[in-house]
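S.K.: Take a look at this one; I'll ask things after.
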Amino acid sequence: MATTRDWLLDDSPSSRLQARLGRSYRLARALSRNPLAMVGAIIVATLILVALFAPWIATHSPIGQDLAMRLKPPSWDNWMGTDELGRDIWSRVVYGARITLMIVALVAVLAAPVGLVIGAVAGYFGGWVDRILMGITDIFLSMPKLILALAFVAALGPGIQNAIIAIAIATWPGYARIARAETLTIRNSEFVSAVELQGASSFRVIVNHILPLCTSSMIIRVTLDMAGIILTAAGLGFIGLGAQPPLPEWGAMISRGRSFILDQWWVATMPGFAIVIVSLGFCFLGDGLRDVLDPKHGDRQ
Amino acid sequence: MASEIDSAAKALPTGPGGSSRNARHAWKTVKGVLGVLVAVAFTFLGLLAITFFIGRVVPIDPVLAVVGDRAPRAVYEAVRIEMGLDKPLIVQFFHYVGNVLTGDLGMSVSTGRPVAEDLARVFPATLEMATIGIIIGVALGVPMGVYAASRQGSLVDQVIRVVGLLGYSVPAFWLGLVGLALFYAKLQWVGGPGRIDIFYDGIIEPVTGLLLIDSLLAGDIEIFVNALTHIALPAAVLGFFSLAYIARMTRSFMLDQLAQEYVTTARVKGVSERLVLWRHAFRPILVPLITVIGLSYAGLLEGSVMIETVFSWPGIGNYLTTALLNADMNAVLGATLVIGAVFIGINKISDVLYRVLDPRAR
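Read top to bottom, the protein sequences are chains G and X. Those letters in the first sequence? Residues 31 to 331, per my numbering, in order. Those letters in the second sequence? Residues 51 to 412, per my numbering, in order.
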């Protein structure tokens, strides 16, 4: 064990793999000293595990109706009570973790690379390329995200796929801004000039030398944005434009429970707790990652 | 008039070369103002491009999006010609910009009235709620942030930090529902959904459209109190979100200031801690704080969309969601445009204020 640690913490790594593993190990150690970040990491890990093993964790079917059991308060059998169709809310919340995880993952996969490439291209080439790309970015940034997503869903039509596309459209400009700022600081450094003098194409410089250096600030930003993405998706579901019934999406579940909020409070309240906990987890983790990866902010919080 | 200008000129400091310096300064100000105006114009044009794109390009058939799929053939054709869809896209866009600039946002399918008229009617309700929300947010958020920074690392600081993060992780619509269940249904501290009890509805003649002010103008205390109980909860929920953001930013600004050497100097001199906090450390953060409050105010417009849906609040957010569910595209785009324009406007104003107030940015 001790030898593995020494190998990881070696000051002069003998291979690229060792250097990378060593860096990850140091980051993990720094992260583990930050209690809120650890809580966040545990919450996010739990979300992933619950999503993976939903069929084993759920006690009932998420869509199986039992009208004799409708609107029952939380009990030993139904930990979070039942909804207006007699479905077990706990099981629906558990399966809802899959939908939430899918939404945040797809939005990140769609929006982050687009923003990254646009920002890096704008920052690297500068001039009118920069002006046009950043002009478009700023126009999108000047709109409130939720409103933009709502308007796009209105045009595309309701449904979970369109909701994901709409949220991604509203999210990418933030990433483009960050990637551009990062690129501008790297652009004039000597190693970029060295690669350029060796005859590397712009494409090669951006993909091999600039994008990898933007990733760490991107990871921080994406993690911090996750809470916002979850809230927007839940909001779309609540209004009825996101995931459609009978999908156990948390926002849509709250929307169904709205009619019973005065007497059967648990129908709307329980999925809300799931949203709060998961979003808070991503916030904690993002804050912690920023403290560890971005030394400029290190001692602030 | 001329004497006014004279006295104003005399009031300005005049030294050697003073007048030319003033002229240069005035020219710089004019250039700055022009620059901001051009930037605002371009951003607004971009906003129009987005709504145009959403309305005309994204839907497979924009005519269908406006008239619905049950419209007869003749209506469909008439609307198609009326919307100018037989012309090239760029012509359509300029036509659209012209319409918007003359205040024509099209007709709403669901209300049967011009969208611009609808928006003017619903906007005051949102303005009233968001304004009370931001007042709550500033009144509580700023002292919380300052206090947390002065006791960095303490339990109170940790609690305020978590409250700040909760502002990013609690769905507004859910908090509104829970609030209704608790404070309206259970405790009966506040009025239910809507701006006012049905019993009082329509008694007050709208002057400003802000119910609280209108009822005071009419001298009707009963209605004022009733409207107050109705606005309390939705405004408090909105206020929570701006509080969370403002407290978080205030804390971070204050920590920056408290780490400066002049604060240590003041403390060594024996200035009381309260004076150090509020007179020495707080003053310099006022300027960035104004930007934060502006951003937060603009953000409340976004939050009000969800809150209004929950509280059946007849504002622009409720109008937008109703239009969304009825696929009333003109109304959706009109509301999007107005919210976007207000958002941009507030951002630019706080930007300009920052430049005017911060001596370094002048």
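Even glycine gets a Cβ: it sits at the ideal position worked out from N, Cα and C.
Residue 280(X) lies in the alpha helix (DSSP H); which residues open and close that run?
M.R.: Sequence index remark: in the second sequence, residue 280(X) carries index 230 (1-based). Per DSSP, residue 280(X) belongs to the alpha helix (DSSP H) from 271-308.
S.K.: Against chain X, does residue 284(G) count as a neighbour if the rule is that its beta carbon must be under 8 Å from one of theirs?
M.R.: Start at 1 with the first residue of the first sequence, and residue 284(G) comes out as number 254. So yes, residue 284(G) belongs to the interface.
S.K.: Check each candidate in 80(X), 328(X), 296(X) and 108(X) and name the one with the smallest Cα separation from residue 213(X).
M.R.: For the purposes of this step, residue 213(X) is taken as the residue at position 163 of the second sequence. Ranking 80(X), 328(X), 296(X) and 108(X) by Cα distance to residue 213(X) puts 296(X) first.
S.K.: Given a limit of 9 Å on CB to CB distance, which residues of the segment 340-357 of chain X reach chain G?
M.R.: Those would be 348, 349, 351, 352, 353, 355 and 356, in chain order.
S.K.: May I have the straight-line CA-CA distance separating residue 108(X) from residue 279(X), to the nearest angstrom?
M.R.: By one-based count along the second sequence, residue 108(X) stands at place 58. By one-based count along the second sequence, residue 279(X) stands at place 229. Roughly 43 Å between the two C-alpha positions.
S.K.: Is residue 415(X) helix, strand or coil by DSSP?
M.R.: Nothing in the structure corresponds to residue 415(X), since chain X is present only between 51 and 412.
S.K.: Would you mind working out which of 158(G), 181(G) and 199(G) sits nearest residue 171(G), comparing C-alpha positions?
M.R.: Numbered from 1 along the first sequence, position 141 holds the residue referred to as residue 171(G). It is 199(G).
S.K.: Taking Cβ positions only, does residue 288(G) come closer than 8 Å to chain X?
M.R.: In the first sequence, the residue the question calls residue 288(G) occupies position 258. At least one chain X Cβ lies under 8 Å of residue 288(G).
S.K.: Just to confirm, are residue 350(X) and residue 331(X) a CB contact at a threshold of 8 Å?
M.R.: Locating residue 350(X) in the second sequence gives position 300, where the first residue counts as 1. Locating residue 331(X) in the second sequence gives position 281, where the first residue counts as 1. Their beta carbons are not under 8 Å apart, which means residue 350(X) does not touch residue 331(X) by this criterion.
S.K.: Could you give the residue range of the alpha helix (DSSP H) that holds residue 164(G)?
M.R.: For this step, residue 164(G) is matched to residue 134 along the first sequence. Taken as a continuous stretch (DSSP letters only), the alpha helix (DSSP H) holding residue 164(G) covers 157-171.
S.K.: Under 9 Å between beta-carbons, which chain G residues line up against residue 379(X)? List them in chain order, please.
M.R.: Counting from one through the second sequence, the residue named residue 379(X) turns up at place 329. The answer, in chain order, is 184 and 185.
S.K.: In this structure, does DSSP put residue 378(X) in helix, strand or coil?
M.R.: Translated into positions along the second sequence, residue 378(X) becomes position 328. The answer is coil: DSSP assigns residue 378(X) none of H, G, I, E or B.
S.K.: Please state the DSSP three-state secondary structure of residue 118(G).
M.R.: Residue mapping note: residue 118(G) aligns to position 88 of the first sequence, counting from 1. Residue 118(G): strand per DSSP, three-state reduction.
S.K.: Hey, is residue 244(G)'s beta-carbon within less than 8 Å of any beta-carbon in chain X?
M.R.: Mapped onto the first sequence, residue 244(G) falls at position 214. By this cut-off, residue 244(G) is not an interface position.
S.K.: Ignore the nearest five residues each way along the sequence and tell me which others in residue 359(X)'s own chain have a CB closer than 8 Å to its CB.
M.R.: Residue mapping note: residue 359(X) aligns to position 309 of the second sequence, counting from 1. Excluding positions up to five away in sequence, the list reads 223, 367, 368 and 371.
S.K.: Taking contact to mean at least 3 C-beta pairs separated by less than 8 Å, is the segment 227-243 of chain G in contact with the segment 148-156 of chain G?
M.R.: With the cut-off at 8 Å, the segment 227-243 of chain G and the segment 148-156 of chain G touch.
S.K.: Tell me the DSSP secondary structure of residue 372(X) in three-state form.
M.R.: In the second sequence, the residue the question calls residue 372(X) occupies position 322. Reduced to three states, the DSSP call for residue 372(X) is helix.
S.K.: Any Cβ of chain X within less than 8 Å of the Cβ of residue 34(G)?
M.R.: Translated into positions along the first sequence, residue 34(G) becomes position 4. Output row for residue 34(G): interface = no.
S.K.: Between which two residues does the alpha helix (DSSP H) holding residue 258(X) run?
M.R.: Within the second sequence, numbered from 1, the residue matching residue 258(X) stands at position 208. No alpha helix (DSSP H) contains residue 258(X), which DSSP labels as neither H nor E.
S.K.: Taking its Cβ as the centre, do 16 or more other Cβ atoms sit within 10 Å of residue 63(X), making it buried, or is it exposed?
M.R.: As a first step, residue 63(X) is located in the second sequence; it is residue number 13 there, counting from the start. Interpretation of residue 63(X) is limited by its pLDDT of 45, a score under 50 that renders its predicted location unreliable; the figure taken from the coordinates is listed afterwards. The residue is exposed, with fewer than 16 neighbouring Cβ atoms inside 10 Å.
S.K.: If you pair each beta-carbon of the segment 337-352 of chain X with each one of the segment 130-146 of chain X, do three or more pairs fall below 8 Å?
M.R.: No, they do not touch.
S.K.: Could you give the distance in angstroms between the alpha-carbon of residue 203(G) and the alpha-carbon of residue 95(G)?
M.R.: Working through the first sequence from its first residue, we reach residue 203(G) at position 173. Working through the first sequence from its first residue, we reach residue 95(G) at position 65. Each residue's Cα considered, the two are about 43 Å apart.
S.K.: So with CB distances below 9 Å, who are the chain X contacts of residue 162(G)?
M.R.: Within the first sequence, residue 162(G) is the residue found at index 132, counting from 1. The contacting residues do not exist; residue 162(G) stays about 12 Å from chain X at best.
S.K.: Chain G partners of residue 231(X), CB-CB under 7 Å?
M.R.: Taking the second sequence and counting its residues from 1, the one referred to as residue 231(X) is at position 181. Within 7 Å Cβ-Cβ: 291, 292 and 295.
S.K.: Among 255(G), 309(G) and 261(G), which residue has its Cα nearest to the Cα of residue 139(G)?
M.R.: For the purposes of this step, residue 139(G) is taken as the residue at position 109 of the first sequence. For the residues 255(G), 309(G) and 261(G), the minimum Cα distance to residue 139(G) belongs to 255(G).
S.K.: Do you know offhand how far residue 174(X)'s Cα is from residue 259(X)'s?
M.R.: One-based indexing of the second sequence puts residue 174(X) at position 124. One-based indexing of the second sequence puts residue 259(X) at position 209. So the two alpha carbons sit approximately 5 Å from each other.
S.K.: Can you confirm whether residue 409(X), when its beta carbon is compared against all beta carbons of chain G, has any partner nearer than 8 Å?
M.R.: Here residue 409(X) is taken as the residue at index 359 of the second sequence, counted from 1. It does not; no Cβ of chain G falls within 8 Å.
S.K.: With a threshold of 16 other CB atoms inside 10 Å of the CB of residue 146(X), please say whether the residue is buried or exposed.
M.R.: Counted from its first residue, the second sequence places residue 146(X) at position 96. Buried, because 16 or more other Cβ atoms sit within 10 Å of the Cβ of residue 146(X).
S.K.: On a Cα-Cα basis, can you pick out the residue from 253(G), 206(G), 145(G) and 213(G) that is closest to residue 74(G)?
M.R.: Taking the first sequence and counting its residues from 1, one reaches residue 74(G) at position 44. Comparing Cα-Cα distances from residue 74(G) to each of 253(G), 206(G), 145(G) and 213(G), the minimum goes to 253(G).
S.K.: Just mark residue 330(G) as buried or exposed, buried being the case when its beta carbon has 16 or more other beta carbons within 10 Å.
M.R.: The residue you call residue 330(G) lines up with position 300 of the first sequence. Residue placement at residue 330(G) is poorly supported in this model, since its pLDDT is 41, which falls under 50; the coordinates still yield a value, given next. Classification for residue 330(G): exposed.
S.K.: So for residue 201(G), helix, strand or coil by DSSP?
M.R.: Indexing the first sequence from 1 puts residue 201(G) at position 171. The answer is helix: DSSP assigns residue 201(G) an H, G or I state.
S.K.: For residue 269(G), which residues in chain X fall below 7 Å Cβ to Cβ?
M.R.: Taking the first residue of the first sequence as 1, we reach residue 269(G) at position 239. Near residue 269(G) (Cβ distances below 7 Å), the residues of chain X are 359, 371 and 374.
S.K.: Nearest-angstrom Cα distance between residue 161(X) and residue 270(G)?
M.R.: Counting from one through the second sequence, the residue named residue 161(X) turns up at place 111. Counting from one through the first sequence, the residue named residue 270(G) turns up at place 240. So the alpha carbons of these two residues sit roughly 21 Å apart.
S.K.: Mind checking if residue 189(G) is an interface residue toward chain X, Cβ cutoff 8 Å exclusive?
M.R.: Within the first sequence, residue 189(G) is the residue found at index 159, counting from 1. It does not: the Cβ of residue 189(G) has no partner Cβ on chain X nearer than 8 Å.
S.K.: List the residues of chain G that residue 105(X) touches, going by C-beta distances under 8 Å, in chain order.
M.R.: Position 55 of the second sequence, counted from the first residue, corresponds to residue 105(X). Those are 185, listed as they occur along chain G.
S.K.: Pull the bridge partners of residue 157(X) from the DSSP assignment, please.
M.R.: Residue numbering aside, residue 157(X) sits at position 107 when the second sequence is read from its first letter. Residue 157(X) pairs with 164(X).
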